[in-house]
Amino acid sequence: MTAAVESSVVMRDLVKRFGTFVAVDRLNLDVRKGEVFGFLGPNGAGKSTTIRMLCGLLRPSSGRATVAGFDVAHKPESVRQSIGYMSQKFSLYNDLKVIENLRLFAGLYSVPANMVAERIMWALEMANLIGRENSITAELPGGWKQRLALGCAVLHRPPVLFLDEPTSGVDPISRRQFWELIHHMAADGITVFVSTHYMEEAEYCNRLALIFRGKMVALGTPSELKQSSLKGALLSVMCEPLAPALEVLATSPGVLDVAIYGSSVHLVVEPNPSRIPQLQTFLERHGIRVSSIQPIRPSLEDVFVTLTTNQGADTRSNEQ
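Numbering (the working numbering), first residue to last: 126 to 445.
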């Protein structure tokens, strides 16, 4: 018999309303111990509101959630003592030195006095800030600030770490280094719950929940989502002009979804060996110059665009 996987975060029909606006709509989710779990969605999807409820900072309107075994509505203080939290806005004190920020947060997190020096050294090594202890925090590059914020958030070695769009505004190299730190923590058994709207970052997660308008529209590993979410074949069309091509393709028989991606158009089409020559003829008949039409592997961005487009269409249908 396989042992049950322990869940660090559990949500059951979790709802948050602000007046008549439903920001989080009946979320059901289990996040496993030691998992890097991605919460993916556009700005305004409900990611930050969900994380604030899970951190004991907002009371749910209805439903239930537990973090590290504690109910977020009834034991918010116990939840806050069991988690690390890093917001999308830099939350440290810019006028303090690196070492002073670390000492301050060690006190805020009630790190035992006999362990403070050891924990601070561990955080400095993890964040690659050895030799920068006396630097003024405001003078650090953006990526270094984020590593320092992460070090401060985990000084008390919490079992669960919440990261709310932690790499927003950070350069790509620093983002990649930051994610390496995240995976080192998960390897040590820490559950990492991270929200992001960067599609490439979502590839680094063990599993993902795709959130749109407060609802979960998909759940799975990056590979599972790319394999199962597109109900057809994906084509990349290089053509000119793009905007008219988009309108024309939306009316083409057999086209299930269409969107502009950079300098090309991506199509989800019904599988058919003759589809490509038919599309080329269809476009040229409408005055669109076609350079190439090729099958491609779906990206998470393709999956997300398709799912959110479908969800938006379903919502409009229900409102009519």
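Think of the CB as a built atom: it goes at the ideal place given N, C-alpha and C, for glycine as much as any other residue.
This one's a predicted model, so the numbers in the text were calculated from it and none came from an experiment.
Item	Value
Ala248 versus Ile224 - alpha carbon distance	10 Å
Beta-ladder partner(s) of Leu288, from DSSP	Met211, Val319
Simplified DSSP state of Arg400, which is helix, strand or coil	helix
Element boundaries [beta strand (DSSP E), containing Gly188]	187-192
C-beta atoms of Thr174 and Val149 nearer than 8 Å	yes
Sequence-distant residues of its chain with Cβ nearer than 6 Å to Gly181 (five each side left out)	Val197, Pro201, Val204, Arg205
Asp104 (DSSP reduced to helix, strand or coil)	Residue coverage of the chain in this structure runs from 126 to 445, which leaves residue 104 outside it and unanswerable.
Backbone CA spacing between Ala375 and Leu350 [nearest angstrom]	24 Å
Spatial neighbours of Ile401 in its chain, beta-carbon cut-off 6 Å, leaving aside the 5 residues before and after	Ile418
Opening and closing residue of the alpha helix (DSSP H) in which Pro201 lies	201-206
Close Cβ partners of Asn253 (< 7 Å) along its chain, the five nearest in sequence each way excluded	Arg272
Contact under 8 Å by Cβ, Gly267 with Gly232	no
Three-state secondary structure assigned by DSSP to Pro420	strand
Helix, strand or coil at Asn219 according to DSSP, with G and I counted as helix	coil
Thr431 burial status per 10 Å Cβ neighbour count (16 or more: buried)	buried
Proximity below 8 Å, CB of Ala278 to CB of Gly209	yes
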